[in-house]
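J.: Just so you know, the sequence shown maps onto residues 4 to 267 in our numbering.
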Amino acid sequence: MADKDENYAFPWAFHIGDLHKDNDTIPLYTNTSDGGFCLLYDKVSEAKADNLLESLCLELLSTMPHESLQVDLFDFGKKKFYNLSPLQYLHIYKTAYNSEMMSALFEELEETIISRHKELLCCNRPTISEHNQKSKLKKMYHLVLMNLENFPTEEFELRRIKNFVESASQAGVYVIAFGYKEIEQSESKTTQAILEYFKKLRVTEGEFAITEEVFEFMELLEDHSFKSLDLDKGHLLQKTLTNANLESLMNPENIKLEENTKVK
Numbered sequence: 004m005a006d007k008d009e010n011y012a013f014p015w016a017f018h019i020g021d022l023h024k025d026n027d028t029i030p031l032y033t034n035t036s037d038g039g040f041c042l043l044y045d046k047v048s049e050a051k052a053d054n055l056l057e058s059l060c061l062e063l064l065s066t067m068p069h070e071s072l073q074v075d076l077f078d079f080g081k082k083k084f085y086n087l088s089p090l091q092y093l094h095i096y097k098t099a100y101n102s103e104m105m106s107a108l109f110e111e112l113e114e115t116i117i118s119r120h121k122e123l124l125c126c127n128r129p130t131i132s133e134h135n136q137k138s139k140l141k142k143m144y145h146l147v148l149m150n151l152e153n154f155p156t157e158e159f160e161l162r163r164i165k166n167f168v169e170s171a172s173q174a175g176v177y178v179i180a181f182g183y184k185e186i187e188q189s190e191s192k193t194t195q196a197i198l199e200y201f202k203k204l205r206v207t208e209g210e211f212a213i214t215e216e217v218f219e220f221m222e223l224l225e226d227h228s229f230k231s232l233d234l235d236k237g238h239l240l241q242k243t244l245t246n247a248n249l250e251s252l253m254n255p256e257n258i259k260l261e262e263n264t265k266v267k
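#1: Which first and last residues belong to the alpha helix (DSSP H) in which alanine 12 is found?
#2: Using a Cβ-Cβ cutoff of less than 8 Å, which residues in the same chain neighbour lysine 242 once the five nearest sequence positions on both sides are dropped?
#3: To the nearest whole angstrom, what separates the beta carbons of glutamate 57 and phenylalanine 84, a pair I think is in contact under 8 Å?
#4: Under a three-way DSSP split, which group does cysteine 126 fall into?
#5: Give the straight-line distance between the Cα atoms of tyrosine 32 and alanine 16, rounded to the nearest whole angstrom.
#6: How far does the alpha helix (DSSP H) with glutamine 2 in it extend, from its first residue to its last?
#7: If you follow the beta strand (DSSP E) that aspartate 53 is in, where does it begin and where does it stop?
#8: When DSSP labels each residue in this structure, what does threonine 243 get in the three-state scheme?
#9: Looking only at its own chain, which residues have a Cβ that is under 6 Å from the Cβ of alanine 99, when we skip the five neighbours before and after it?
#10: Going by beta carbon distance, what residues of the same chain come within less than 7 Å of glutamate 225, once the five residues before and after it are set aside?
#11: Between alanine 180 and isoleucine 197, is the Cβ-Cβ spacing less than 9 Å?
#12: Using 8 Å for Cβ pairs, my map puts glutamate 62 next to leucine 239. What's the rounded Cβ distance?
#13: Tell me, please, which residues DSSP counts as bridged to asparagine 34.
#14: Report yes or no: do three or more beta-carbon pairs, one from the region 190–204 and one from the region 152–161, lie closer than 8 Å?
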């Protein structure tokens, strides 16, 4: 099992796919210091986009210490991420699929960000990641998946949305906004605030457009082909569940000592 004190930092980058050349494979990462990114796609590319998002979430959940990360989804309509669904029972995956639930979850995340900035972050601990390396009282990270077609609604003030995205990552809250590419023409000021803040990864006709904004080492794309993340999600789910069970078994509160073992 990983040492929590060594691995409780949020990863430096999101794994979004791999570069291939002959028999060589190089993981392609995009930096998390930006706080997240927007994934925009056309309808024929939606399945690829969904695979990337679900694979990315499960990879993080299966490799980070149990209960160090919660995935929060804002999304109406049909269920997208079947392999994440069982994790709701472990309270590390939360969904908001109607207006009331979205308001409640957003307010919960907003309060987390505000309280962490007020109570925990300071000059020598400017981020929750650094706080977690120095404190025994670790704080959970959040990865927020946000369907821009449904969220934010107009009931959210522009000021709140701007404050949220600008202060979230320091407080341990990372955002991946997603939606059809037509959302870029939205007249919603709150939607545009999110689109303007985050770098964009676009998928058209099943092809990902890797830009310098997303990936620093563009020269590698000259002789490598890119394949987006599509991992064995069943395996990663099982690994996450196994990690959770191990944590439960090792929890002192769950360990029951035998009775009547005194030597006579």
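Glycine residues also receive a C-beta, built at the ideal position from the N, C-alpha and C atoms.
T.: Inspection of the coordinates gives the following:
#1: Segment: none, alanine 12 is in no alpha helix (DSSP H) and carries neither H nor E.
#2: Correct list, in chain order: Ser65.
#3: Between phenylalanine 84 and glutamate 57 the Cβ distance is about 5 Å, and since that is below 8 Å, they are a contact.
#4: Looking at cysteine 126 - three-state DSSP - the assignment turns out to be coil, as it is neither helix nor strand.
#5: Tyrosine 32 and alanine 16: Cα-Cα distance of roughly 6 Å.
#6: This structure gives no information on residue 2, because the portion of the chain shown stretches from 4 to 267.
#7: Here aspartate 53 belongs to no beta strand (DSSP E); instead the alpha helix (DSSP H) covers 49–66.
#8: Correct three-state label for threonine 243: helix.
#9: Excluding positions up to five away in sequence, the list reads Phe77, Met105, Leu108.
#10: Same-chain partners within the cutoff: there are none.
#11: Taking 9 Å as the cut-off, the Cβ atoms of alanine 180 and isoleucine 197 count as close.
#12: Their Cβ separation, rounded to whole angstroms, is 6 Å, which keeps glutamate 62 and leucine 239 in contact under 8 Å.
#13: Residue pairing by DSSP places asparagine 34 opposite Ala16 in a beta bridge.
#14: Touching, yes.
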